[in-house]
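One rule links them: number in this note's numbering = place in the sequence shown (from 1) + 46.
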Amino acid sequence: MIDRIADPYNLRLAFWKSRRGKTGKSEVIRFCSELDKNLLSLRNEILSGKVNVGNYRYFKVYDPKERIICASAFRERVLQHALMNICHDSFERFQMYDSYACRIGKGTYVALDRAKSFQKKYSWFLKLDVRKYFYSISHDILKQQIRSRFKESKLLDIFGDIIDSYKASPGKGVPIGNLTSQYFANHYLSFADRYVKEHLHIPAYVRYMDDMVLWSHDKSQLIASCKRLKQFIQETLHLELKPFCLNRTDTGLPFLGYVLYPRITRLGTISKRRFRSKYINYTSKLNIGIWTQEEYQRHILPLFAFTRHADAIAWQKNVIASVYRNSIQ
């Protein structure tokens with residue numbers, strides 16, 4: 047796999063993927079100015095199994111909650127794309143069907159539709175998520191998991207260097223914002239997926255990164271399964287779960303920014319607050335001339351697309367009307 051990762055065509059493909067949407071950034075321009083030289087240098091590092099990683103730029107985002115994002119240097123993003131162009135299939139083959147985050151043909155809305163179907167079918171749900179998931183991933187356990195998928199020593203050395211390049215606490219954590227972190231984090235909990243399906247025999251299950259939901263007609267089965275799953279996650283993966291949410295499906299399941307009922311879907315409270323805030327901000331930028339119509343459209347369309355997956359048309363019209371009234375006063 048190392049030869050395929052270091053192949054000049056793969057490196058050039060990785061460069062184009064990394065460059066997408068960032069052509070005007072200074073570090074991208076500098077990399078492009080000596081493209082062949084930089085790709086050859088990266089190729090030699092990959093073939094040696096010793097890569098220069100860990101050059102992160104840190105910043106905070108507050109949407110929907112405060113998180114620290116680690117932006118890799120452009121050269122490292124090219125490396126990560128080169129790795130995952132080739133290693134994607136090996137990670138993908140280990141995933142269970144009902145894992146939906148960061149996977150081709152899956153995603154938020156496919157996970158949402160699957161959860162909606164289970165909400166209609168079953169009487170009870172149990173929702174779990176991991177406390178500070180990305181910051182809690184054990185380096186040693188992650189490396190052991192990766193060794194079970196890949197055998198080439200140089201490739202394992204590169205993965206090891208990437209894992210060791212960041213720590214939230216001693217021996218723990220992967221950086222939010224890295225392409226490799228998405229793969230690592232999804233793979234890490236895939237062992238919990240297998241435990242749920244192969245040992246607990248839960249009839250319906252969905253996981254979106256560290257958000258896990260189990261459904262059943264039997265409340266006592268869910269409680270017993272929760273205890274066993276919590277023990278597995280603590281002892282095998284060294285992760286801590288937040289307090290679980292167990293309820294009847296007709297009371298509504300909070301999931302991925304929505305509240306799912308058996309026959310209807312609502313926007314969650316935080317999602318409503320985010321929509322209103324962003325709509326006001328985007329409209330203001332358009333009205334005072336900071337944004338063109340094209341820029342406004344590029345931002346506003348995904349915002350409205352999110353609301354279309356809920357029964358929120360009347361609420362949405364009220365928000366738009368209230369913002370319009372305030373703007374003309």
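The beta carbon of each residue, even a glycine, is placed where N, CA and C say it ideally should be. These numbers come from a predicted model, not from an experiment.
Inter-residue spacing [alpha-carbon to alpha-carbon] between residue i and residue j
{"i": "residue 316", "j": "residue 194", "result": "40 Å"}
{"i": "residue 161", "j": "residue 83", "result": "49 Å"}
{"i": "residue 323", "j": "residue 178", "result": "26 Å"}
{"i": "residue 390", "j": "residue 140", "result": "With the chain covering 47 to 375 only, the question about residue 390 has no answer from this structure."}
{"i": "residue 325", "j": "residue 107", "result": "18 Å"}
{"i": "residue 277", "j": "residue 372", "result": "53 Å"}
{"i": "residue 347", "j": "residue 168", "result": "34 Å"}
{"i": "residue 257", "j": "residue 281", "result": "19 Å"}
{"i": "residue 51", "j": "residue 197", "result": "15 Å"}
{"i": "residue 272", "j": "residue 64", "result": "40 Å"}
{"i": "residue 223", "j": "residue 119", "result": "12 Å"}
{"i": "residue 115", "j": "residue 104", "result": "6 Å"}
{"i": "residue 303", "j": "residue 310", "result": "14 Å"}
{"i": "residue 49", "j": "residue 263", "result": "51 Å"}
{"i": "residue 148", "j": "residue 131", "result": "14 Å"}
{"i": "residue 136", "j": "residue 225", "result": "15 Å"}
{"i": "residue 59", "j": "residue 200", "result": "21 Å"}
{"i": "residue 68", "j": "residue 75", "result": "9 Å"}
{"i": "residue 270", "j": "residue 279", "result": "15 Å"}
{"i": "residue 128", "j": "residue 261", "result": "39 Å"}
{"i": "residue 122", "j": "residue 96", "result": "13 Å"}
{"i": "residue 339", "j": "residue 358", "result": "25 Å"}
{"i": "residue 175", "j": "residue 356", "result": "23 Å"}
{"i": "residue 287", "j": "residue 331", "result": "41 Å"}
{"i": "residue 300", "j": "residue 163", "result": "15 Å"}
{"i": "residue 10", "j": "residue 333", "result": "This structure cannot speak to residue 10, because the chain is shown only from 47 to 375."}
{"i": "residue 155", "j": "residue 314", "result": "15 Å"}
{"i": "residue 91", "j": "residue 61", "result": "16 Å"}
{"i": "residue 100", "j": "residue 202", "result": "17 Å"}
{"i": "residue 249", "j": "residue 335", "result": "54 Å"}
{"i": "residue 266", "j": "residue 232", "result": "29 Å"}
{"i": "residue 247", "j": "residue 138", "result": "22 Å"}
{"i": "residue 240", "j": "residue 259", "result": "14 Å"}
Residues bridged to residue i (per DSSP)
{"i": "residue 393", "result": "What the structure shows of the chain is the stretch from 47 to 375, and residue 393 is not part of that stretch, so it cannot be assessed."}
{"i": "residue 213", "result": "In the DSSP output, where bridge partners are listed per residue, residue 213 has none listed."}
{"i": "residue 289", "result": "The partner list for residue 289 (beta bridge, DSSP) is empty, contrary to what the question assumes."}
{"i": "residue 218", "result": "184, 215"}
{"i": "residue 241", "result": "Beta-bridge pairing links residue 241 to no other residue."}
{"i": "residue 174", "result": "258"}
{"i": "residue 103", "result": "117"}
{"i": "residue 300", "result": "305"}
{"i": "residue 294", "result": "170"}
Classification of residue i by the beta-carbon crowding that lies within 10 angstroms, buried from 16 upward
{"i": "residue 77", "result": "buried"}
{"i": "residue 79", "result": "exposed"}
{"i": "residue 349", "result": "exposed"}
{"i": "residue 289", "result": "exposed"}
{"i": "residue 173", "result": "buried"}
{"i": "residue 296", "result": "exposed"}
{"i": "residue 367", "result": "exposed"}
{"i": "residue 159", "result": "exposed"}
{"i": "residue 219", "result": "buried"}
{"i": "residue 208", "result": "buried"}
{"i": "residue 298", "result": "buried"}
{"i": "residue 360", "result": "exposed"}
{"i": "residue 275", "result": "buried"}
{"i": "residue 57", "result": "buried"}
{"i": "residue 327", "result": "exposed"}
{"i": "residue 204", "result": "buried"}
Under 8 Å between C-beta atoms of residue i and residue j
{"i": "residue 124", "j": "residue 88", "result": "yes"}
{"i": "residue 312", "j": "residue 170", "result": "no"}
{"i": "residue 146", "j": "residue 254", "result": "yes"}
{"i": "residue 191", "j": "residue 306", "result": "no"}
{"i": "residue 210", "j": "residue 185", "result": "yes"}
{"i": "residue 285", "j": "residue 182", "result": "yes"}
{"i": "residue 212", "j": "residue 221", "result": "yes"}
{"i": "residue 189", "j": "residue 217", "result": "no"}
{"i": "residue 242", "j": "residue 157", "result": "no"}
{"i": "residue 369", "j": "residue 329", "result": "yes"}
{"i": "residue 215", "j": "residue 180", "result": "no"}
{"i": "residue 362", "j": "residue 353", "result": "yes"}
{"i": "residue 142", "j": "residue 236", "result": "yes"}
{"i": "residue 238", "j": "residue 283", "result": "yes"}
Any C-beta of chain B under 8 Å from that of residue i
{"i": "residue 212", "result": "No chain B is part of this structure, which consists of one protein chain only."}
Next item on the list: Please list the segments of the alpha helix (DSSP H) lying wholly inside the stretch 107 to 168, counting only runs of 4 or more residues, in order along the chain.
Entry: 120 to 140, 154 to 167
Note to self: Which complete beta strand (DSSP E) runs does the stretch 310 to 353 hold, if anything under 3 residues is left out?
What the structure shows: 311 to 313
Check: Hey, which unbroken runs of the alpha helix (DSSP H) at 4 residues or more fall wholly within the stretch 62 to 100?
Finding: 72 to 79, 81 to 94
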